[in-house]
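What follows is a single structure, written as structure tokens, with notes after it.
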Amino acid sequence: MSEERLAEFMARIERGEKIEATDWMPDDYRLAAIRFIQMHALSEVMGAFPEKEWVPKAPTLARKMSLMAKVQDEVGHGQLLLRVAEDLARPLGKGREELIQELLEGKSKFHNVFHMPAPTWADCGVIGWLVDGAAVISQAALLQSSYGPYARILQRVCAEEGFHIQHGESICLALAEGTPSQRKMLQDALNRWWEALLLFFGPPETDGQNAQVLLKYRFRTKTNEQLRQKYLTKYVPRIWSLGLTLPDPELRYDEKQGRWIYTAPDWSKLKAIARNEGPLSQYRLALRRNSYETTRWVREALTGKAVVA
């Protein structure tokens, strides 16, 4: 890699130009971008599982239909993002099949929140309102990403995620205004998810090699802690306005520092989840492997790879 070529690449980024799939790019940019977009894509696919489990058990037909539509959207997002990732990965000999296979083999990651159980209907509300809310905070910050195909596809993803947030908020509002047992169910779900929501954005340090590369090339423009602070500013007041509490006695906004003070979550849990050692990591991966194998014949038929005995 010549110094002149790298300098021109950085100059393009400084000018606000978008990098396209067919453009020259440094190897570390390509590898970091593939890893980031692959995780996003696989998280969308795996994110369908916690809520899919509740489609047959939704309390009304209207809720069932809206939840099914949301699940379909999430899988669709995964497909779109895998297309973006495979365009970057093709020069390295990887296509969508290989990117998915890395998930099935436990070699790639998906977001921590989708390793968690969703034991009650209130969990569906929290996922839609607060988990998808965290996702939109992260994704909206990437609309200015230096990688053009990703920034453009995120316009659609963010727009549809906005409807998902409304869907989840509607469930939470109904439960908050419901019977004492419904309100307790919502509070219990919130208590269950709070640490996972803080973990969602990652540790405040950005000294990891991949994070540094993404920030250096302006693929990302915000740090983990900046995103978490924005999330707290937007959602904590809304949660409190419903008369709900959060399981952190230290949580408060410090006017002098201009930031939220909170009890740090157990970061070791994030590391365990990255190793697929979360509460439902292996269960959800087994579901995905089973789904992948039972539909293999469809893929082979569509691609002409089917073998006729």
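Numbering (my numbering), first residue to last: 185 to 493.
Idealized CB from N, CA, C, for every residue including glycine.
Computed from a predicted model, the values in this text were never measured in an experiment.
Whether residue i touches residue j by CB criterion (8 Å)
i	j	result
Arg219	Asn394	yes
Gly352	Asp307	no
Ile337	Leu264	yes
Ile284	Val320	no
Trp444	Leu471	no
Ile203	Met194	no
Arg238	Trp313	Reading off the sequence, residue 238 comes out as Trp, not Arg. Their beta carbons are not under 8 Å apart, which means Trp238 does not touch Trp313 by this criterion.
His221	Tyr334	Going by the sequence as given, residue 221 is Ile instead of His. Yes.
Beta-bridge pairing of residue i - partner residues as DSSP gives them
i	result
Asp502	Any answer about residue 502 is impossible in this case: the structure gives the chain only from 185 up to 493.
Rounded separation between residue i and residue j - CA only
i	j	result
Cys356	Ala191	50 Å
Trp451	Lys418	23 Å
Leu454	Lys406	20 Å
Pro431	Asn375	6 Å
Ala269	Val229	14 Å
Val482	Ala246	31 Å
Val420	Thr206	43 Å
Asp212	Leu327	21 Å
Gln551	Pro433	Because residue 551 is not part of the residues shown, which for the chain are 185 to 493, the question remains open.
Arg280	Tyr467	23 Å
Among the options, the one whose alpha carbon lies nearest that of residue i
i	options	result
Ser227	Thr478, Thr244, Leu469 and Trp481	Leu469
Asn408	Leu428, Pro421 and Leu381	Leu381
Tyr401	Ser186, Ile197 and Glu187	Ile197
Asn296	Val420, Ser354, Met223 and Pro364	Met223
Met300	Trp444, Glu235 and Glu484	Glu235
Glu345	Ser322, Thr363, Gln328 and Ser329	Ser322
Phe233	Leu251, Leu454, Leu245 and Ala216	Leu251
Gly362	Phe347, Gly427, Ala335 and Tyr331	Gly427
Gln410	Gly442, Pro431, Pro433 and Ser425	Gly442
Leu399	Glu461, Ser329 and Phe294	Ser329
Arg548	Ala217, Leu245, Met230 and Pro303	The requested residue 548 is not part of the displayed model; the chain covers only 185 to 493.
His379	Asp257, Gly488, Tyr446 and Lys254	Note that residue 379 corresponds to Glu in the displayed sequence, not to His. Ranking Asp257, Gly488, Tyr446 and Lys254 by Cα distance to Glu379 puts Tyr446 first.
Phe294	Asp438, Phe347, Gly386 and Arg404	Gly386
_Ignoring anything shorter than 4 residues, give me the alpha helix (DSSP H) runs that lie fully in the segment 187 to 232, in order along the chain._
187 to 198 and 211 to 230
_Runs of 4 residues minimum, wholly inside the segment 236 to 305: which ones carry the alpha helix (DSSP H) assignment?_
Within the segment 236 to 305, the complete alpha helix (DSSP H) runs of at least 4 residues are 245 to 273 and 280 to 288.
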